[in-house]
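Residue numbers (this note's numbering): 17 to 97. Okay, structure first, notes after.
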């Protein structure tokens, strides 16, 4: 029975080449997006207190422009403790 399913699927892949390429490409892109999102959401989750990890962002303003940097002044870590 399973062999029959594969035979029918292969026959349809050969018969409808353009449609098959579009479907397989779409499935591949969907899987890549899913894996990327899963990786981004699991970043730093291996720490014991992962919910307590924060990111400090330094904002500097020059006139009407606001610039955000991950850099923070050297004494910030001691003052936050």
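Beta carbons are placed, not taken as given, at the ideal position from N, Cα and C, and that holds for glycine. All values reported here derive from a predicted model rather than from experimental measurement.
Residue 19: member of the alpha helix (DSSP H) spanning 18 to 31, first to last residue. DSSP places residue 87 outside both helix and strand once states are collapsed to three, so it counts as coil. DSSP places residue 76 in the uninterrupted beta strand (DSSP E) bounded by 74 to 78. CA-CA distance, residue 92 to residue 76, rounds to 15 Å. At a Cβ-Cβ threshold of 8 Å, residue 87 and residue 74 count as neighbours.
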